[in-house]
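Peer 1: 48 is the number that the working numbering gives to position 45 of the sequence shown; each next residue is one higher, with no gaps.
Heads up, the beta-carbon is just placed ideally off N, CA and C, and yes, glycines get one too.
Everything numeric in this text was worked out from a predicted model, so none of it was measured.
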Amino acid sequence: MKEPIPSRAYRLTQILNLDETELCERGFLFVQKSCLYPTPKGQQVLDEIEPLVNKHKDDSVFTGLKLNLVDDETAF
Numbered sequence: 004m005k006e007p008i009p010s011r012a013y014r015l016t017q018i019l020n021l022d023e024t025e026l027c028e029r030g031f032l033f034v035q036k037s038c039l040y041p042t043p044k045g046q047q048v049l050d051e052i053e054p055l056v057n058k059h060k061d062d063s064v065f066t067g068l069k070l071n072l073v074d075d076e077t078a079f
């Protein structure tokens with residue numbers, strides 16, 4: 004039996020190791036009709052990092068990964 008494919012929003016929480024609230028506050032997810040969706044910034048993260056995570060099949064490889072998606076002056 005095939006493993007179910009997680010939603011894009013849930014996948015983002017797995018990759019970045021942050022909960023949905025933190026990802027919404029940081030601009031990676033948004034809520035629409037009680038569902039979570041990646042923002043363009045969240046989609047960019049998924050497009051760039053998910054292939055690497057899928058290749059290694061082990062999310063722990065990316066623990067502590069620094070993402071340069073905002074200026075250093077911008078606080079998360």
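From the DSSP output, in three-state form, read off phenylalanine 79 for me.
Peer 2: Along the sequence shown, one-based indexing puts residue 79 at 76. Annotation note: pLDDT 46 at phenylalanine 79 (below 50); position unreliable, coordinate value reported separately. Coil.
Peer 1: Ignore the nearest five residues each way along the sequence and tell me which others in leucine 32's own chain have a CB closer than 7 Å to its CB.
Peer 2: Mapped onto the sequence shown, residue 32 falls at position 29. Excluding its 5 nearest sequence neighbours in each direction, leucine 32 has C-beta neighbours in its own chain below 7 Å: Ala12, Leu15, Glu23, Leu26, Leu39, Tyr40, Pro41, Thr42 and Gly45, listed in chain order.
Peer 1: Quick one: grab the DSSP three-state call for leucine 19.
Peer 2: Against the sequence shown, residue 19 aligns to sequence position 16. Reduced to three states, the DSSP call for leucine 19 is helix.
Peer 1: Let me confirm a value: leucine 19 is counted as buried when at least 16 other C-beta atoms fall within 10 Å, else exposed. Which label applies?
Peer 2: Here residue 19 refers to the residue found at position 16 when the sequence shown is read from its first residue. Leucine 19 is buried by the Cβ-count criterion.
Peer 1: Rounded to whole angstroms, what is the Cα-Cα separation between aspartate 3 and valine 56?
Peer 2: The first residue shown for the chain is 4 and the last is 79, placing residue 3 beyond what the model contains.
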